[in-house]
Amino acid sequence: MNRSILSAITLAVAVLAAGNAMATDASAPKTREQVKAELAEAIRTGDIVVNGETQQKANEVNPGLYPAKPVVQGKTRDEVKAELAEAIRTGDIVANGETQQKANEVNPGLYPAKPVLQAKTRAEVKAELAEAIRTGNMPDHGETGLMLNQVYPQRYGRHI
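The opening residue of the sequence shown carries number 2 in the working numbering; numbering runs sequentially from there.
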């Protein structure tokens with residue numbers, strides 16, 4: 002193999018491994034064997050980046066060299082037509098390409114109103130506020146983003 006291709010593959014694997022390491026839970030690090038197995042699988046399926054500029058993977062550059070990915074069953078033509086008809090009926094279709102506004106946002110009177118979700122009652126909101134004040138589960142007025150029970154644990158220690 003050409004050294005530049007080998008270097009590109011090595012770099013791609015390192016980037017892939019670093020990305021996977023950041024995405025996993027820090028309390029459960031992968032073993033060396035798990036990383037080797039993932040690398041072997043990525044090489045076998047061509048699921049590694051070989052072109053840094055275009056971010057193309059090996060199985061995209063040379064699809065004939067790698068096993069085909071399983072085909073996911075898509076929607077039927079009738080299902081797509083039904084979804085389109087429903088979107089047109091309710092106005093959930095983009096009417097303004099520049100602002101990405103939907104037809105029911107541009108002309109709300111032409112389409113059926115969307116169902117309103119049941120909101121909390123005034124009494125429920127007041128009870129939640131009283132509980133938050135009691136436990137200190139309210140934001141501090143500083144820029145830290147901490148809650149009062151985190152800034153002043155001595156005031157709220159028993160209720161946490």
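We put the beta carbon where it would ideally sit given N, CA and C, even for glycine.
8 Å Cβ cutoff met for residue i and residue j
i: Asp93; j: Lys82; result: no
i: Val107; j: Ala96; result: yes
i: Ala41; j: Ile49; result: no
i: Val51; j: Ala59; result: yes
CA-to-CA distance, residue j to residue i, given in whole angstroms
i: Leu130; j: Leu147; result: 17 Å
i: Ile134; j: Thr100; result: 42 Å
i: Tyr112; j: Ala124; result: 34 Å
i: Gln35; j: Arg45; result: 15 Å
i: Tyr153; j: Val117; result: 39 Å
i: Leu149; j: Asp141; result: 5 Å
i: Arg156; j: Glu132; result: 14 Å
i: Ala120; j: Glu39; result: 47 Å
i: Gly143; j: Lys127; result: 24 Å
Residue from the options whose Cα sits closest to the Cα of residue i
i: Asn138; options: Gly158, Ile44 and Gln101; result: Gly158
i: Gly47; options: Arg123, Leu66, Gln151 and Val117; result: Leu66
i: Gly110; options: Thr91, Pro68 and Ala120; result: Thr91
Counterpart residues of residue i in DSSP-defined beta bridges
i: Asn52; result: Gln57
i: Asn105; result: Per DSSP, none; premise fails for Asn105.
i: Asn97; result: Gln102
i: Met148; result: Pro140
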